[in-house]
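Chemist:
Residue numbers (my numbering): 3 to 155.
#1: Just tell me which of 102, 63 and 41 has its CA closest to the CA of residue 55.
#2: Which of the three DSSP states, helix, strand or coil, is assigned to residue 15?
#3: From this set, 76, 20, 35 and 7, which residue's C-alpha is nearest residue 59's C-alpha?
#4: Can you tell me where the alpha helix (DSSP H) holding residue 72 begins and where it ends?
#5: Less than 8 Å between the C-beta atoms of residue 106 and residue 3, yes or no?
#6: Just to confirm before moving on: does the CB-CB distance between residue 18 and residue 37 stay below 8 Å?
#7: How would you label residue 93, buried or exposed, when you count the other beta carbons within 10 angstroms and need 16 or more for buried?
#8: With a cut-off of 8 Å on the beta carbons, I'd call residue 67 and residue 29 a contact; round off their distance for me.
#9: What's the gap between the Cα of residue 25 and the Cα of residue 57?
#10: Taking DSSP as the reference, what is the three-state secondary structure of residue 20?
#11: What first and last residue would you give for the beta strand (DSSP E) that runs through residue 25?
#12: Starting from residue 89, trace the beta strand (DSSP E) in both directions and tell me its first and last residue.
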């Protein structure tokens, strides 16, 4: 999780399906280097889809943007050793990240979210559809921590 990251993003093209090459903005890394947004795609983990994920050249981690998390109805409480993502609606902790170096890492399953009521068509690897009554938060394997761009619309 990264408070300096304006959008969710990944550097791993292999995670992206329905990839579309489309140059986007440059991204400044903490070490002063710059990465170029090469395109966008979807990430599929189980029956969860994360749409319009930016592929950024040279990005070595998958980043969750704190601002995007808060835009989706969560508070993020920061402490010296960890942070907690808390649902504004229920008050329950949805995710805990622990400080590692300069970044909070989720050492348990990572939350991701999707838009309610959006139905997707079948692809070769999965039938993608969401129940509109399901929560906007799902758990995924920490080996596949993901990044997501906000909806452009």
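Idealized CB from N, CA, C, for every residue including glycine.
The structure displayed is predicted, hence computed values, not measured ones.
Modeler: Looking at the coordinates:
#1: Taking the first residue of the chain shown as position 1, residue 55 is located at position 53. It is 41 whose Cα lies nearest to the Cα of residue 55.
#2: Within the chain shown, residue 15 is the residue found at index 13, counting from 1. DSSP places residue 15 in helix when its eight states are reduced to three.
#3: Against the chain shown, residue 59 aligns to sequence position 57. With distances taken between CA atoms, residue 59 lies nearest to 35 out of 76, 20, 35 and 7.
#4: Position 70 of the chain shown, counted from the first residue, corresponds to residue 72. Start and end: 68-73.
#5: The count along the chain shown starts at 1 and reaches residue 106 at position 104. The count along the chain shown starts at 1 and reaches residue 3 at position 1. Yes, Cβ-Cβ distance for residue 106 and residue 3 is below 8 Å.
#6: As a first step, residue 18 must be located in the chain shown, where it is residue number 16. As a first step, residue 37 must be located in the chain shown, where it is residue number 35. It is not a contact, given that the beta carbons lie outside the stated cut-off.
#7: Numbered from its first residue, the chain shown carries residue 93 at position 91. Classification of residue 93: exposed, given that the 10 Å Cβ count is below 16.
#8: Taking the chain shown and counting its residues from 1, the one referred to as residue 67 is at position 65. Taking the chain shown and counting its residues from 1, the one referred to as residue 29 is at position 27. About 12 Å; that fails the 8 Å criterion.
#9: On the chain shown, position 23 is the one that residue 25 refers to. On the chain shown, position 55 is the one that residue 57 refers to. Cα-Cα distance, rounded: 10 Å.
#10: The residue given as residue 20 occupies position 18 in the chain shown. If DSSP states are grouped into helix, strand and coil, residue 20 belongs with the strands.
#11: Mapped onto the chain shown, residue 25 falls at position 23. It is not in any beta strand (DSSP E) - residue 25 carries neither H nor E in the DSSP assignment.
#12: By 1-based counting over the chain shown, the position of residue 89 is 87. Looking at the DSSP string, the run of the beta strand (DSSP E) that includes residue 89 is 84-89.
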